[in-house]
Structures are given as structure tokens and as C-alpha cells.
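The numbering of the sequence shown is this note's numbering, which starts it at 13 and goes up by one. Idealized CB from N, CA, C, for every residue including glycine.
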Amino acid sequence: MTRSLQAVAYTRPSVLESAPGGRRLGLETSRGTTPAGMRDHPRFFAGFLTSPQVAAAGLLAIADVAAARHYQRQLRASLDPSARALVAAGAVVLDGAFGTVTAEDGHIHRVRDDAGTLSCSRRCWAKYRGGRGPCKHALAVRMVRREAPAEPTAVTAVTDLTELTRPGTARKDGGVR
13 MTRSLQAVAY TRPSVLESAP GGRRLGLETS RGTTPAGMRD HPRFFAGFLT SPQVAAAGLL
73 AIADVAAARH YQRQLRASLD PSARALVAAG AVVLDGAFGT VTAEDGHIHR VRDDAGTLSC
133 SRRCWAKYRG GRGPCKHALA VRMVRREAPA EPTAVTAVTD LTELTRPGTA RKDGGVR
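See the structure below:
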């Protein structure tokens, strides 16, 4: 079977089931392509394998299905060199809660750092909402933000007590908001 011939739809996630004689993995498919054509609830394997060619074909079929359903997330550690290269190239400019990153290809990405939660203007980020981890642009902004000196804050003494009663002016402990 080749990738172009397979058509598999899952009715529910595959589970490890108890069965007489041991446990088995239930591949919960509703339709699939077999050598005889499309079948409802196909059974690809039964009994013992007697031929290495059948085993190889089965493994390739499973690999095709797995490749179509699984995304190998690139680990953050492997993105660090790319993010560090952006930082070293001076491609990151901070502007308040935002960072602007000019990528190697000239595209400009806006990264927002909202109380430690990152978001990026990349299409991939919009689709997955960071579910695949931070991109190199977001990591670069985080690195620059951590390395940047703290911005000086001007705190003025409050001499008039009416200043403390206006909402949004001062906290109860006297700190400026």
C-alpha cells in the first residue's frame, strides 16, 4: 500500500485493550484500503506473520498513517541556536509588551509578551496558538527581554492625600500603578 492509496478515518483514538492471551492495540478505523479495495472496518493483520515482505508492508502502512497524523514537534533546545542568532544579529527590538523581530528572510514578526505568555504574528502561531511550543521569534524576544536592563521607574512622593483616593493612581501600599 502506498500513501496515495490509503484512506483511513478514525472513529476514536486507538487504545491498548485486554484480550484473551494478552493485550492488543485496537486500531479504531472505520474505512481503509485493502488489496481488495475499500472496506468498512478493515482487518489488516491476523495470526502470525509468515513473510518478512508482509511485515515490511505492514510497518510501512502504519508509518504512513502515523506520519499523516503525527507532528514531530521541534524541541525548544533545537530552536535556541536560531533564536540566539536573531538576538546576535540585532534583529529584535523591544517596544513595551511587544517585540519586533526581523527574520533572516526579511519578514517582520510581532511578538507579544503578556505577563510571560508569548504570542507571535506568524501564520503557524495563529493556527496552533503556541500548542507546539514557542517559535524562534518568541524565544528571541524572551531572551532580549531577560537580558535588557530593567527600565527605570519614576516614583514621586504623594503629598496630597486626595491623590490616593483616585482610582488607578496608587495601590493601598502606596506604590504607583
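Ranked by Cα distance from residue 97, the options 125, 116, 126 are led by 116.
The three-state reading of DSSP puts residue 121 in strand, counting E and B together. Within the stretch 96-162, the runs of beta strand (DSSP E) at least 3 residues long that lie entirely inside it are, in chain order, 104-107, 110-114, 120-126, 129-132. In the structure shown, the three-state DSSP call for residue 63 is coil.
Following the DSSP letters along the chain, one finds residue 49 inside the beta strand (DSSP E) bounded by residues 49-52. Classified as exposed, residue 64 has fewer than 16 neighbouring CB atoms from the shown chains inside 10 Å of its CB. Sequence-distant Cβ neighbours of residue 104 in its own chain, meaning closer than 7 Å and more than five residues away, are 98, 111, 113, 152, 153, 156. Straight across, the Cα-Cα distance linking residue 94 with residue 78 is about 28 Å. By the neighbour-count criterion, in which a residue is buried when 16 or more other Cβ atoms sit within 10 angstroms of its Cβ, residue 73 is buried. Close CB contacts of residue 149 within its chain, under the 6 Å cut and outside five residues either way in sequence, are with 113, 121, 123, 132 (chain order).
Our two residues, residue 144 and residue 101, have alpha carbons roughly 25 Å apart in a direct line. Taken through DSSP and simplified to helix, strand or coil, residue 33 comes out as coil. Here the alpha carbons of residue 62 and residue 140 stand approximately 44 Å from one another. Take residue 118, set aside five residues on each side of it, and no residue of its chain has a beta-carbon closer than 8 Å to its own. DSSP places residue 27 within a strand segment (E or B) once states are collapsed to three.
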